[in-house]
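One structure is given below, encoded as structure tokens.
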Amino acid sequence: MNVKLWGTRGSVPSAGHDFVRYGGNTSCVEVQAQEGWVTVLDAGSGVRALGETVGPEITRVDLLLSHLHMDHIQGLGFFAPLFTPDLDVHIWGPASTTLDMRERLARYLSPPLFPVLLRDLPCKLTLHNTPLGNFEVGSLSVEADLICHPGPTLGYRITEGGRTLAYMPDHEPALGFRSFQPEKEWTSGFKLAEGADVLIHDAQYTNDEYEGKIGWGHSALSHTLILAKAAAVGRLVTFHHDPAHTDAQLDQFHADAELECGEIDVPLIPGQEGLTLKV
Ligand SMILES: [Zn+2]
Ligand SMILES: [Zn+2]
43 MNVKLWGTRG SVPSAGHDFV RYGGNTSCVE VQAQEGWVTV LDAGSGVRAL
93 GETVGPEITR VDLLLSHLHM DHIQGLGFFA PLFTPDLDVH IWGPASTTLD
143 MRERLARYLS PPLFPVLLRD LPCKLTLHNT PLGNFEVGSL SVEADLICHP
193 GPTLGYRITE GGRTLAYMPD HEPALGFRSF QPEKEWTSGF KLAEGADVLI
243 HDAQYTNDEY EGKIGWGHSA LSHTLILAKA AAVGRLVTFH HDPAHTDAQL
293 DQFHADAELE CGEIDVPLIP GQEGLTLKV
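Sequential numbering of the sequence shown, starting at 43, is according to our numbering.
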């Protein structure tokens, strides 16, 4: 399977030449596997451009949402497959104890926030509460679990042909630690990440920024590196970049990572919009 990054930001930055390489769209990742099937992780603003690539040969689209914060669903109203008559589209997201998925998505896909009602979309739409544990999406084996982030939030572990991708775009596994030392049995997200060939993970803050934002649900780059190393992942792709960080700053943070965290034996890949990786 391949993965392609269509949006890597935690929120949309101001347009400008300083944001070109890392991109300005919010969370969206395509998992390219079975022919004729499109699988997407999160529907941030990056999903609009992805939708333009969905041709008539595609018979089914699955959209797996990590959670329903605005930066992960804001592209939904601009995702062409939702407006393609009779196309089989499935949206999966975390269950909530208060409102079902249709009611929560309809908050956005309805006036005054959006002109088209969810129920008026012409595609053949099926909504699912993502089960915790294992399920299949086409040729992909998917495992979902709740992870540390405000509100019901899922991490995904996706396996095909013995290769594994772990995806945790919004995640604060270091919450509650004085000094972050992940342990398999009880660190949020550890089991989803363990031994994955590729881990795409929140790396929104510097250490200094994190100090002022503890509990907001995101990671310092150093925490992400520590988790990746402890979980023995093959490669780490940084994700959910802060909207205030320019290309030059992000280059610097990645270059400094080894100085901050000591030797890193996990290959570190800066998550940039448009990047495609073979898992
Ligand atoms: Zn987010
Ligand atoms: Zn979030």
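Idealized CB from N, CA, C, for every residue including glycine.
Problem set entry | Cβ shell of L163 (< 6 Å), same chain only, five flanking positions each side left out | Taking the first residue of the sequence shown as position 1, residue 163 is located at position 121. Answer for L163: L124, listed in chain order.
Problem set entry | Terminal residues of the alpha helix (DSSP H) in which G93 lies | Walking along the sequence shown from the start, residue 93 turns up at place 51. First-last of the alpha helix (DSSP H) with G93: V89 to E94.
Exercise. Does the distance from the CB of H296 to the CB of P312 come in under 8 Å?
Worked result: Here residue 296 corresponds to residue number 254 of the sequence shown, with the count starting at 1. Here residue 312 corresponds to residue number 270 of the sequence shown, with the count starting at 1. Yes.
Problem set entry | Whole alpha helix (DSSP H) elements within the segment 175–203, 4-residue minimum | none
Exercise. From what residue to what residue does the beta strand (DSSP E) around D104 run?
Worked result: By 1-based counting over the sequence shown, the position of residue 104 is 62. First-last of the beta strand (DSSP E) with D104: R102 to L106.
Exercise. Taking a cut-off of 5 Å, which residues have a beta-carbon closer than that to any heavy atom of ligand 2, in chain order?
Worked result: H111 and D212
For this session: Would you tell me roughly how many angstroms separate the C-alpha atoms of L269 and H191, rounded to the nearest one?
Result: Indexing the sequence shown from 1 puts residue 269 at position 227. Indexing the sequence shown from 1 puts residue 191 at position 149. If you take the alpha carbons of L269 and H191, they lie about 16 Å apart.
Exercise. Taking the alpha carbon of D212 as the point to measure from, which residue in N44, T280, G316 and F121 has its own alpha carbon closest?
Worked result: Start at 1 with the first residue of the sequence shown, and residue 212 comes out as number 170. Comparing Cα-Cα distances from D212 to each of N44, T280, G316 and F121, the minimum goes to T280.
Problem set entry | Neighbour-count burial assignment, N44, 16 or more Cβ in a 10 Å radius | Along the sequence shown, one-based indexing puts residue 44 at 2. Looking at its Cβ environment, which holds fewer than 16 other Cβ atoms inside 10 Å, N44 is exposed.
Exercise. Can we say the segment 70–77 touches the segment 215–222, given the rule of at least three CB pairs closer than 8 Å?
Worked result: no
Problem set entry | Best match in F156, L129 and V184 for proximity to A208 [C-alpha to C-alpha] | Walking along the sequence shown from the start, residue 208 turns up at place 166. It is V184.
Exercise. Which value, in whole angstroms, describes the spacing of the CA atoms of T248 and D293?
Worked result: For the purposes of this step, residue 248 is taken as the residue at position 206 of the sequence shown. For the purposes of this step, residue 293 is taken as the residue at position 251 of the sequence shown. Distance between the alpha carbons of T248 and D293: 12 Å.
Exercise. Helix, strand or coil: how does DSSP classify E214 here?
Worked result: Your numbering for residue 214 matches position 172 in the sequence shown. Reduced to three states, the DSSP call for E214 is coil.
Exercise. If you run the structure through DSSP and keep just helix, strand and coil, what is L319?
Worked result: Taking the sequence shown and counting its residues from 1, one reaches residue 319 at position 277. L319: strand per DSSP, three-state reduction.
For this session: From the DSSP output, in three-state form, read off L267 for me.
Result: In the sequence shown, counting from the first residue as 1, residue 267 sits at position 225. If DSSP states are grouped into helix, strand and coil, L267 belongs with the helices.
For this session: Please check the pair L151 and L110, which I expect to be a contact at CB under 8 Å, by giving their CB distance rounded to whole angstroms.
Result: Sequence index remark: in the sequence shown, residue 151 carries index 109 (1-based). Sequence index remark: in the sequence shown, residue 110 carries index 68 (1-based). That belief does not hold up - the Cβ atoms of L151 and L110 are roughly 12 Å apart, past 8 Å.
Exercise. Which residues in the same chain have their Cβ closer than 6 Å to the Cβ of D325, if we skip the five residues on either side of it in sequence?
Worked result: This structure gives no information on residue 325, because the portion of the chain shown stretches from 43 to 321.
For this session: Write down the C-beta distance between W134 and L92 rounded to the nearest angstrom, noting that I regard them as a contact closer than 8 Å.
Result: In the sequence shown, residue 134 corresponds to position 92, counting from 1. In the sequence shown, residue 92 corresponds to position 50, counting from 1. Incorrect: roughly 16 Å between the Cβ atoms, too far for contact.
Problem set entry | Neighbourhood of G276 by C-beta distance below 6 Å, restricted to the same chain and skipping five residues each side | Here residue 276 corresponds to residue number 234 of the sequence shown, with the count starting at 1. Same-chain partners within the cutoff: D239.
Exercise. Run through DSSP, which three-state label would K233 get?
Worked result: Mapped onto the sequence shown, residue 233 falls at position 191. In this structure, K233 counts as helix in the three-state DSSP scheme.
For this session: Specify the secondary structure class of Q294 as computed by DSSP and reduced to three states.
Result: In the sequence shown, residue 294 corresponds to position 252, counting from 1. In the structure shown, Q294 sits in a helix (DSSP, three-state: H, G or I).
Exercise. Exposed or buried, what is E94 when buried is set at 16 or more other beta-carbons lying within 10 Å of its beta-carbon?
Worked result: In the sequence shown, counting from the first residue as 1, residue 94 sits at position 52. Result: exposed.
Problem set entry | Bounding residues of the alpha helix (DSSP H) (the contiguous stretch that carries I242) | For the purposes of this step, residue 242 is taken as residue 200 along the sequence shown, with counting starting at 1. Note, I242: premise wrong, no alpha helix (DSSP H); beta strand (DSSP E) at V240 to D244.
For this session: May I ask you to check if the CB of G135 is nearer than 7 Å to at least one heavy atom of ligand 1?
Result: Locating residue 135 in the sequence shown gives position 93, where the first residue counts as 1. No, the beta carbon of G135 sits no closer than 7 Å to any heavy atom of ligand 1.
Exercise. Does the beta-carbon of P224 have 16 or more other beta-carbons within 10 angstroms, so that it is buried, or is it exposed?
Worked result: Numbered from 1 along the sequence shown, position 182 holds the residue referred to as residue 224. Buried, by the Cβ-count rule.
Problem set entry | Range covered by the alpha helix (DSSP H) that runs through S114 | The count along the sequence shown starts at 1 and reaches residue 114 at position 72. The displayed chain sequence assigns His, not Ser, to residue 114. It spans M112 to I115 - the alpha helix (DSSP H) in which H114 sits, taken as one unbroken run.
Exercise. In terms of alpha-carbon separation, which member of G86, S108 and G193 lies closest to G257?
Worked result: Residue 257 sits at position 215 when you count from the first residue of the sequence shown. Cα-wise, what sits closest to G257 is G193.
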